[in-house]
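Q: Heads up, the sequence shown is in the working numbering, so the first residue is 12 and it goes up one at a time.
Using N, Cα and C, we set each Cβ at its ideal position, and we do this for glycine too.
Remember, predicted model here, so these are calculated numbers, not experimental data.
To start, I am sharing the structure in question, which I have written as structure tokens.
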Amino acid sequence: MKRAAHIPPDHPRAAINQRGADLCFTVTKFDEVSSTSDVAKQLATKGASEGTVVVASAQSAGRGRRGRAWFSPRGGLYFTILLRPNVAPERLRLLAAASALAVFDAMAISVGRRLLLKWPNDIYLEGKKVGGILIETKGSCARIDEAFVGIGVNLQRPEMVIPPEVMNSALWLSDCASEAPSREGLLADILRSFADRYKELLSSGAGAIAECYNRRLLLMGRKLNVRCDGKALVGICRGINEAGALMIDDNGKDVSITTGEICSWQ
Ligand code: BTN
């Protein structure tokens, strides 16, 4: 069943959001775009429905978290899913974690247990980044009207020159999988898994997602150096909580951070 968009939270049909709803995907393919998230936003302003997926073979201005560029040559998988959640922002605090789990589940089919998640929403393979997620939302403090889930996966190692900063931190699925999946196959697996995780998030709440996420967390129990609001923090990682914050034990003092950067870990 496809959920209608823009139902006011106090409307009787908004109850559907309480138990979650199935997503129907409509995939639109492009050769090269600036950013699939920008294209998805343009389509959203023209009334595109929930489940619209914009996928491109390459991006000329792919972007990541914190305004960073996302290296997007041909051979990778780049796409953005449009959601029209119509729920309070608190209910989507783990959308990034749920999305990361969806990508993890789909990629694990090819590379199994060597994958791990790095807070907040990176997919790591053999200690290097193989995928990332960028969540952008539109709405008010009472309700999220639109969410754009941008997903990038390093699939086939490009033959072109790779920028040194990417080379040092990234890995491609083709480096590790005996048989790397096709872009179409991986996209289909991620979308299937995303529909399940999103439904789980809306119906069962954040607890189940946080628990699954923590079981796959690369940093769990490790000593972290974190930069948060310009301050340096050191502590043992205790996983994320239901609000999506990373919990750190700083010599017996519990600290939770909602934004920040893990600089290193041991
Ligand atoms: C990150 O790790 O910083 C997030 C990277 C997200 C990249 C994807 S690729 C598809 C979508 N379009 C973009 O411009 N960014 C996201």
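What I want to know is whether the C-beta of Arg-79 ends up closer than 8 Å to one or more non-hydrogen atoms of the ligand BTN.
A: Within the cutoff, so yes.
Q: Could you work out which residue in Leu-93, Cys-223, Arg-79 and Gly-73 is closest to Glu-253 when comparing CA atoms only?
A: Considering only alpha carbons, the answer is Cys-223.
Q: Does Ile-173 come out as helix, strand or coil in the three-state DSSP assignment?
A: The answer is coil: DSSP assigns Ile-173 none of H, G, I, E or B.
Q: Using 10 angstroms around the beta-carbon of Asp-42, count the other beta-carbons present and answer buried if the total reaches 16, otherwise exposed.
A: With fewer than 16 Cβ atoms within 10 Å of its Cβ, Asp-42 is classed as exposed.
Q: Does Met-258 come out as helix, strand or coil in the three-state DSSP assignment?
A: Here Met-258 sits in strand by DSSP.
Q: Under the rule that 16 or more other beta-carbon atoms within 10 Å means buried, what is Asn-225, buried or exposed?
A: With 16 or more Cβ atoms within 10 Å of its Cβ, Asn-225 is classed as buried.
Q: Hey, out of Leu-197, Ile-220 and Gly-196, whose CA is closest to Asp-207's CA?
A: Ranking Leu-197, Ile-220 and Gly-196 by Cα distance to Asp-207 puts Ile-220 first.
Q: Report back the beta-carbon spacing between Leu-182 and Leu-128 to the nearest angstrom; my notes put them in contact at under 8 Å.
A: Not really, about 15 Å apart at Cβ, beyond 8 Å.
Q: Please list, in chain order, all residues of the same chain as Lys-117 whose beta carbon is under 7 Å from its beta carbon, the five residues on each side excluded.
A: Checking the sequence, you will find Ala at residue 117 rather than Lys. Around Ala-117: Leu-197, Asp-200, Ile-201 and Ser-204.
Q: For Arg-85, verify whether its CB is less than 8 Å away from any heavy atom of the ligand BTN.
A: Outside the cutoff, so no.
Q: Which residue wins for smallest C-alpha separation from Thr-11, given the options Ser-83, Lys-57, Pro-169 and Gly-123?
A: Since the first residue of the chain shown is 12 and the last is 277, residue 11 is not available in this structure.
Q: Go to Lys-210, then tell me how far its alpha helix (DSSP H) extends in each direction, as first and last residue.
A: Unbroken alpha helix (DSSP H) run through Lys-210: 194-215.
Q: Let me check one thing: in DSSP terms, what residues is Trp-276 bridge-paired to?
A: Answer is Leu-235.
Q: Given 8 Å as the limit, tell me if Leu-145 has its C-beta closer than that to any heavy atom belonging to the ligand BTN.
A: Yes, the Cβ of Leu-145 comes within 8 Å of a heavy atom of the ligand BTN.
Q: Determine the direct distance from the alpha carbon of Phe-115 to that of Ile-162, and round the result to whole angstroms.
A: Computed Cα separation, rounded: 12 Å.
Q: Using a 10 Å radius around the Cβ and a threshold of 16 neighbouring Cβ atoms, would you call Glu-195 buried or exposed?
A: Glu-195 is exposed by the Cβ-count criterion.
Q: According to the neighbour-count rule (16 or more other Cβ atoms, all chains shown, within 10 Å of its Cβ), is Asp-133 buried or exposed?
A: Asp-133 should be labelled buried.
Q: What do you reckon, is the C-beta of Tyr-224 under 8 Å from a heavy atom of the ligand BTN?
A: Flag unset: Cβ of Tyr-224 not near the ligand BTN.
Q: Using the three-state DSSP reduction, which class does Ala-26 fall into: helix, strand or coil?
A: Since pLDDT at Ala-26 reaches only 34, below the 50 mark, its modelled position is unreliable, and no value is offered.
Q: Does Pro-96 pass the burial test, meaning 16 or more other C-beta atoms within 10 Å, or should it be called exposed?
A: Label assigned to Pro-96: buried.
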